[in-house]
Amino acid sequence: MENKAEVTGLIPGFPYLLAVRAVAIGSTIERRSDEAIVVGFTEPASPTNIHIDNTINGTFILSWQPRYSGLVDFYDVIIRQPIKGQEGVLMKRTDGESADLNGLRYDTTYEVMVSAVANGARSKGTIQTIRTGAPATWAAWHPTSSCSTTCGTGTQVFSRECRSLNGSLSPFCDPDQPTVTQTMSRACDELQACPVHGFWSAWGNFAPCSVSCDGGVTSRERICNPPRLGGSLCPGTKNGSQTEVQHKNCSMHPCPVPVTTAWSDWSPCSVTCGGGIQSRTLLCDGVICPGETNVTRNCSTELCEGTWADWSEYSPCSATCGEGIRIRSRNCTIPEYGGKPCPGNITDDGRQLEEATCNLSLCPNPNGTWVTWTGECSVTCGNGTKTVRHRCAKINPDNPFEGDLFCPGEKPDEEMTCQTHPCSVNGNWGPWTNFTECSAKCGDGLRTRTRFCDNPAPEYSGFPCEGDVDKTDLQTEVERCRKRNCIQGCRRLRGGHTVEWPETDRGKTATVACPTRLTEGTATRHCNRRGRWEEQDFSDCVSDEVINLQRKLDDVRTIQAATDFVEKLETVSESIRFQKDILFILNMVNDITDDSSLGEGDGTIRAKDSFIQVSV
1 MENKAEVTGL
11 IPGFPYLLAV
21 RAVAIGSTIE
31 RRSDEAIVVG
41 FTEPASPTNI
51 HIDNTINGTF
61 ILSWQPRYSG
71 LVDFYDVIIR
81 QPIKGQEGVL
91 MKRTDGESAD
101 LNGLRYDTTY
111 EVMVSAVANG
121 ARSKGTIQTI
131 RTGAPATWAA
141 WHPTSSCSTT
151 CGTGTQVFSR
161 ECRSLNGSLS
171 PFCDPDQPTV
181 TQTMSRACDE
191 LQACPVHGFW
201 SAWGNFAPCS
211 VSCDGGVTSR
221 ERICNPPRLG
231 GSLCPGTKNG
241 SQTEVQHKNC
251 SMHPCPVPVT
261 TAWSDWSPCS
271 VTCGGGIQSR
281 TLLCDGVICP
291 GETNVTRNCS
301 TELCEGTWAD
311 WSEYSPCSAT
321 CGEGIRIRSR
331 NCTIPEYGGK
341 PCPGNITDDG
351 RQLEEATCNL
361 SLCPNPNGTW
371 VTWTGECSVT
381 CGNGTKTVRH
391 RCAKINPDNP
401 FEGDLFCPGE
411 KPDEEMTCQT
421 HPCSVNGNWG
431 PWTNFTECSA
441 KCGDGLRTRT
451 RFCDNPAPEY
461 SGFPCEGDVD
471 KTDLQTEVER
481 CRKRNCIQGC
491 RRLRGGHTVE
501 WPETDRGKTA
511 TVACPTRLTE
521 GTATRHCNRR
531 GRWEEQDFSD
541 CVSDEVINLQ
551 RKLDDVRTIQ
561 AATDFVEKLE
571 TVSESIRFQK
581 DILFILNMVN
591 DITDDSSLGE
601 GDGTIRAKDS
611 FIQVSV
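Residues in the sequence shown are numbered consecutively from 1, following UniProt numbering.
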């Protein structure tokens with residue numbers, strides 16, 4: 001009887017550890033055989049998406065995609081034309097996911113079969129019909145524009161297309177520049193020569209004036225460079241003349257006439273004593289002659305004596321009543337060059353004083369006294385002023401007196417500064433700061449700006465700034481901001497074995513520590529370019545149970561026979577979850593079969609046979 005079991009959920013092209021045990025169930029007892037452990041590989045998956053591309057050098061590239069991420073040793077490719085009875089025309093083996101093919105014909109239909117081989121197992125072949133592209137050559141150059149000029153030398157644009165034999169456009173004509181169209185510019189110099197028009201030369205210099213004064217004439221000329229090849233004459237040409245003359249007036253000033261000359265009178269001396277200068281001028285017809293015509297001489301060389309100036313006005317009388325004094329003064333000019341000073345008494349500042357008595361009127365007897373009071377401050381807070389007033393009042397208001405009220409001297413009103421408590425200052429907001437950077441590197445975010453209550457700050461019980469309820473002297477404004485659109489990747493996800501996969505950009509691979517109860521290694525998962533997670537990869541993870549089994553094997557080699565290892569392997573086989581667990585066990589089995597420790601322990605043949613049977 002053939003015994004077999006169908007297992008689902010295995011990944012194509014992966015190795016698996018298979019343990020089989022026979023169980024016999026009686027009426028009162030259940031018997032189990034020893035396990036038979038073997039390692040096998042699942043059949044690899046067939047490839048998909050087969051397509052072919054032309055290359056410029058005549059080689060064709062066949063490419064495909066693997067269906068799963070299982071192990072593949074190589075791919076076999078068979079190509080033949082779909083004609084009944086015809087054998088395969090080309091077979092190729094490659095370890096990549098593409099193959100370079102030679103010997104195929106352009107613009108031809110082929111039947112292709114690609115199969116994957118891994119660990120001696122071959123997948124079902126993927127059969128697909130493909131067609132190679134047609135070869136291509138450059139068409140003839142043809143103009144795409146007219147000449148840039150109508151005479152002389154210009155340029156004209158030409159182009160050509162790369163076309164396959166069936167007439168369709170193709171980029172396979174030039175191996176260095178795979179393009180469909182080429183353009184170039186050529187000179188179009190077969191046109192007739194362009195006419196050259198006549199043009200004037202630069203003006204020459206003006207000739208000397210015909211006269212030196214009273215108005216004359218001068219002239220200058222320019223020449224027309226003649227036209228060629230049917231060009232037109234110089235603009236402004238008259239009667240075919242090749243020369244143009246320009247005239248203008250010159251020497252317009254009148255000619256000189258005879259004049260009479262005479263010296264003017266000497267000017268007054270610059271000083272009255274001590275040596276000065278006086279001058280006279282040569283006159284031509286009553287006016288100053290041009291040029292240097294002024295002469296000078298010394299004058300007033302006698303010594304300068306000191307002289308008194310006029311008296312000043314008398315000063316006011318020193319008294320408002322009774323006898324007083326009034327004063328006037330005069331200044332002495334300072335003597336020079338050894339001259340004598342002014343006669344009489346002179347003060348230290350060079351003046352002479354003169355006093356005179358003055359008697360305006362008799363002074364009355366005082367019958368009043370000065371009374372003083374101070375007014376209120378001009379402000380209720382801060383700095384202000386107040387007036388101190390003086391008034392002449394009766395000495396004894398109950399006793400009448402004859403004559404006018406009189407107080408001795410004068411006491412005018414005075415202004416004094418006054419200060420009460422400082423004025424309260426209400427707060428006012430200062431300017432806003434600049435907005436901060438957006439909180440998001442991409443997409444929607446926030447940015448803030450602040451301002452302080454310091455323009456001015458509140459003082460002396462003044463009100464806080466408007467809206468500052470908490471009296472923090474600070475106000476913050478928040479607004480939304482947006483930068484470039486975020487490139488969406490794979491979102492955070494909880495995967496198998498309770499692994500937390502972090503948010504990952506498209507095209508990147510996330511790496512995390514192996515799940516709990518795994519001793520070593522890292523797990524990976526790729527986020528593809530469409531922003532979707534691919535399969536989890538725990539191939540580098542090893543279970544704690546397998547590590548402990550490895551340690552147990554080390555103990556078995558030096559302490560006792562393989563019986564304990566067999567029991568441990570039976571327990572561990574139920575919790576094997578990862579590819580690397582299988583690889584670890586394979587290495588242990590290989591080590592056990594070659595290990596000299598089989599000669600140790602209890603030494604019984606039964607123990608050794610059991611140990612080897614379980615290992616194999």
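All C-beta atoms in this analysis are idealised placements derived from N, C-alpha and C, irrespective of residue type, glycine included.
Close beta carbons around residue i, own chain, < 6 Å, minus the five adjacent residues each side
i: Gln488; result: Gly531
i: Lys508; result: Cys527
i: Trp266; result: Gln278, Arg280
i: Asp505; result: Gly489
i: Ser251; result: Cys209, Val211, Ser212, Cys213, Gly216
i: Val77; result: Lys92, Ala99, Val114
i: Ala118; result: Gly13, Pro44, Leu71, Val72, Asp73
Distance between residue j and residue i (C-alpha atoms, nearest Å)
i: Thr301; j: Gly339; result: 12 Å
i: Thr558; j: Cys541; result: In this predicted model, Thr558 has a pLDDT of only 43, less than 50, meaning its place in the structure is not dependable; the value taken from the coordinates is given anyway. Straight-line Cα distance between these residues: approximately 28 Å.
i: Gly220; j: Ser241; result: The sequence given here has Arg at residue 220, not Gly. When rounded, the distance between both Cα atoms is 15 Å.
i: Ala561; j: Lys552; result: Only weak support exists for where Ala561 lies, its pLDDT of 40 falling under 50; the value from the coordinates is given anyway. Ala561 and Lys552: Cα-Cα distance of roughly 11 Å.
i: Thr129; j: Ser164; result: 21 Å
i: Gln352; j: Arg330; result: 5 Å
i: Asp53; j: Thr132; result: 7 Å
i: Pro178; j: Asn49; result: 25 Å
i: Gly291; j: Leu282; result: 10 Å
i: Thr448; j: Arg480; result: 9 Å
i: His390; j: Ser318; result: 23 Å
i: Gly350; j: Ile325; result: 22 Å
i: Ala457; j: Glu477; result: 20 Å
i: Arg103; j: Asp544; result: The sequence given here places Gly at residue 103; Arg does not occur at that position. In a straight line, the C-alpha of Gly103 is about 56 Å away from that of Asp544.
i: Cys188; j: Pro143; result: 11 Å
i: Trp203; j: Cys147; result: 39 Å
i: Ile61; j: Ser145; result: 39 Å
i: Cys273; j: Asn298; result: 11 Å
i: Leu10; j: Leu446; result: 50 Å
i: Ile127; j: Ile79; result: 10 Å
i: Leu18; j: Asn587; result: 15 Å
i: Gly230; j: Met184; result: 34 Å
Three-state secondary structure (DSSP) of residue i
i: Asn331; result: strand
i: His197; result: coil
i: Gln246; result: strand
i: Gln192; result: coil
i: His253; result: coil
i: Gly384; result: strand
i: Ser146; result: coil
i: Leu549; result: helix
i: Gln472; result: Going by the sequence as given, residue 472 is Thr instead of Gln. Correct three-state label for Thr472: coil.
i: residue 620; result: Residue 620 is absent from the model: the chain starts at 1 and stops at 616.
i: His421; result: coil
i: Gly496; result: helix
i: Asn428; result: coil
i: Asn345; result: coil
i: Asp76; result: strand
i: Asn587; result: helix
i: Asp454; result: coil
i: Asp444; result: strand
i: Asp100; result: strand
i: Ala562; result: The pLDDT assigned to Ala562 is 47, lower than 50, so where the model puts this residue is not dependable; a value taken from the coordinates is nonetheless given after this. Three-state result, Ala562: coil.
i: Asp174; result: coil
Residue i Cβ short of 7 Å to the ligand SAM heavy atom set
i: Ala202; result: Of the ligands one can find in the structure shown there are none, so the ligand SAM has no counterpart to examine.
CB contact flag (residue i, residue j, <8 Å)
i: Pro44; j: Pro15; result: no
i: Gly427; j: Cys486; result: no
i: Ile277; j: Thr296; result: yes
i: Ala393; j: Gly375; result: no
i: Ser63; j: Glu97; result: yes
i: Cys358; j: Pro422; result: no
i: Tyr68; j: Pro47; result: no
i: residue 627; j: Pro256; result: As shown, the chain starts at 1 and ends at 616. That puts residue 627 outside it, with no answer to give.
i: Ala510; j: Pro502; result: yes
Sequence-distant residues of the same chain with beta carbon closer than 8 Å to residue i, five excluded per side
i: Cys453; result: Gly427, Asn428, Trp429, Gly430, Pro464, Cys465, Asp468, Asp473, Leu474, Gln475
i: Ile346; result: Cys332, Gln352
Own chain, CB closer than 7 Å to residue i, minus 5 neighbours either side, in chain order
i: Pro254; result: Cys213, Asp214
i: Asn434; result: Arg449
i: Cys173; result: Ala136, Thr137, Trp138, Cys162
i: Glu415; result: Thr385, Thr387
Problem - Complete runs of the alpha helix (DSSP H) confined to the segment 207–246 [at least 4 residues] - result: none
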